[in-house]
Amino acid sequence: GAGVSQTPSNKVTEKGKYVELRCDPISGHTALYWYRQSLGQGPEFLIYFQGTGAADDSGLPNDRFFAVRPEGSVSTLKIQRTERGDSAVYLCASGQGLNSPLHFGNGTRLTVT
Amino acid sequence: RKEVEQDPGPFNVPEGATVAFNCTYSNSASQSFFWYRQDCRKEPKLLMSVYSSGNEDGRFTAQLNRASQYISLLIRDSKLSDSATYLCVVNFPTGGFKTIFGAGTRLFVKA
Chain W
285 GAGVSQTPSN KVTEKGKYVE LRCDPISGHT ALYWYRQSLG QGPEFLIYFQ GTGAADDSGL
345 PNDRFFAVRP EGSVSTLKIQ RTERGDSAVY LCASGQGLNS PLHFGNGTRL TVT
Chain E
132 RKEVEQDPGP FNVPEGATVA FNCTYSNSAS QSFFWYRQDC RKEPKLLMSV YSSGNEDGRF
192 TAQLNRASQY ISLLIRDSKL SDSATYLCVV NFPTGGFKTI FGAGTRLFVK A
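Line order of the protein sequences matches chains W and E. Under the working numbering, the residues of the first sequence are numbered 285 to 397, in order. Under the working numbering, the residues of the second sequence are numbered 132 to 242, in order.
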């Protein structure tokens with residue numbers, strides 16, 4: 285497909301478990317972003333990749349959160365020892381550069397019980 | 132101060148009304164600006180880019196005021212289908228650059 289793809293669409297996990305969320309960006313897009321969105325809030329910046337490297341990870345809330353993009357395309361957001369407060373929709377977006385808009389995937393709805 | 136601030140609303144307007152949203156940003160080095168629209172339980176989608184000279188797309192007009200560090204969105208002749216959350220988006224440099232979203236302004240257009 286031509287759009288940003290995120291899997292899974294829904295993930296329910298128990299407190300303390302490890303989860304991985306995957307994002308497959310639009311082909312050729314060098315910029316890839318992860319956001320977290322809670323009900324009634326705007327998307328909260330987590331991390332931004334330019335190519336393979338994390339250009340800015342200042343939004344990651346703590347060291348339980350980590351993201352990789354080893355080949356400059358697909359990215360994985362990893363959350364260790366999940367907590368109930370991690371429950372949210374995790375959005376991935378890709379783009380072509382500074383003045384280009386971002387294109388979003390449908391998001392992964394994470395629920396930690 | 133938040134990096135991008137918006138009035139959360141909600142704005143409740145009748146069909147046919149004109150409504151305007153403002154958004155302020157804190158980083159004077161910000162370089163590009165956008166308005167996105169988000170429907171309930173959907174992902175954000177680009178509504179329009181905001182250029183220094185201002186730009187118009189049908190019933191929608193966006194303007195940028197760099198001196199006062201705000202952007203605006205004007206919707207004329209509101210339709211029921213305009214009901215959504217409108218997100219203000221700002222790119223600013225941080226070594227690379229990062230794209231920050233405001234919390235969104237909710238709009239309800241009533242018949």
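A virtual CB, placed ideally from N, CA and C, is assigned to each residue, including glycine.
As a quick exercise: from the options, pick the residue whose alpha carbon is nearest that of residue i.
i: Ser378(W); options: Thr225(E), Phe223(E), Lys229(E); result: Lys229(E)
i: Lys173(E); options: Phe388(W), Ala351(W), Arg368(W); result: Phe388(W)
i: Ile206(E); options: Asn196(E), Leu195(E), Val144(E), Asn158(E); result: Val144(E)
i: Ala160(E); options: Lys241(E), Gly233(E), Pro224(E); result: Pro224(E)
i: Leu177(E); options: Thr216(E), Glu136(E), Ala242(E), Glu134(E); result: Thr216(E)
i: Leu361(W); options: Pro385(W), Leu375(W), Glu367(W), Gly369(W); result: Leu375(W)
i: Ala234(E); options: Arg368(W), Tyr319(W), Leu386(W); result: Tyr319(W)
i: Asp208(E); options: Glu187(E), Glu136(E), Glu146(E), Arg132(E); result: Glu146(E)
If you draw a straight line from the alpha carbon of residue i to that of residue j, how long is it in whole angstroms?
i: Gly324(W); j: Tyr182(E); result: 28 Å
i: Thr155(E); j: Thr236(E); result: 13 Å
i: Ala315(W); j: Ala339(W); result: 9 Å
i: Gln321(W); j: Phe165(E); result: 18 Å
i: Gly381(W); j: Pro327(W); result: 19 Å
i: Val150(E); j: Arg348(W); result: 42 Å
i: Ser371(W); j: Asn383(W); result: 31 Å
i: Thr291(W); j: Ile310(W); result: 14 Å
i: Gly189(E); j: Asn158(E); result: 30 Å
i: Asn346(W); j: Thr297(W); result: 19 Å
i: Tyr317(W); j: Asp138(E); result: 25 Å
i: Thr397(W); j: Ile363(W); result: 15 Å
i: His313(W); j: Ser359(W); result: 12 Å
i: Val220(E); j: Lys241(E); result: 26 Å
i: Ser342(W); j: Phe333(W); result: 12 Å
i: Ala286(W); j: Leu211(E); result: 30 Å
i: Ser184(E); j: Phe191(E); result: 15 Å
i: Glu187(E); j: Gln194(E); result: 9 Å
i: Ala148(E); j: Met179(E); result: 20 Å
i: Ala351(W); j: Asp213(E); result: 35 Å
i: Phe152(E); j: Val373(W); result: 25 Å
i: Arg132(E); j: Ser293(W); result: 34 Å
i: Arg353(W); j: Glu136(E); result: 31 Å
i: Cys171(E); j: Glu367(W); result: 25 Å
For residue i, which residues from the same chain have a beta carbon less than 6 Å from its beta carbon, with the 5 sequence-adjacent residues on both sides left out?
i: Pro141(E); result: Arg237, Phe239
i: Gly356(W); result: Gly335, Thr336
i: Gly300(W); result: Arg365
i: Pro175(E); result: Tyr167, Gln169, Leu218
i: Asn222(E); result: Gln162, Ser163, Phe228, Thr230
i: Glu134(E); result: Ser157, Ile231
i: Arg197(E); result: none
Closer than 7 Å by C-beta to residue i: which residues in its own chain qualify, once you throw out the five before and the five after it? Chain order, please.
i: Ser289(W); result: Asp308, Gly389
i: Leu344(W); result: Leu330, Ile331
Can you give me the Cβ contacts of residue i inside the same chain, cut-off strictly under 8 Å, excluding the 5 residues immediately before and after it?
i: Lys295(W); result: Val303, Leu305, Thr392, Arg393, Leu394, Thr395
i: Leu386(W); result: Ala315, Tyr317, Ala377, Ser378, Gly379
For the 8 Å Cβ check, are there 3 or more pairs between the region 201 to 216 of chain E and the region 287 to 304 of chain W? Proximity of the region 201 to 216 of chain E to the region 287 to 304 of chain W falls short of the contact definition, fewer than three beta-carbon pairs being nearer than 8 Å.
Residue ranges of each beta strand (DSSP E) within the region 292 to 360 of chain W, 3 or longer: Counting only runs that start and end inside the region 292 to 360 of chain W, the beta strand (DSSP E) elements of at least 3 residues fall at 294 to 297, 303 to 308, 315 to 321, 328 to 334, 337 to 340, 349 to 352.
Could you tell me which uninterrupted beta strand (DSSP E) segments, each at least 3 residues in length, are contained entirely in the region 172 to 200 of chain E, listed from first to last along the chain? For the region 172 to 200 of chain E, whole beta strand (DSSP E) runs of length 3 or above, ordered along the chain, are 176 to 181, 186 to 188, 191 to 196.
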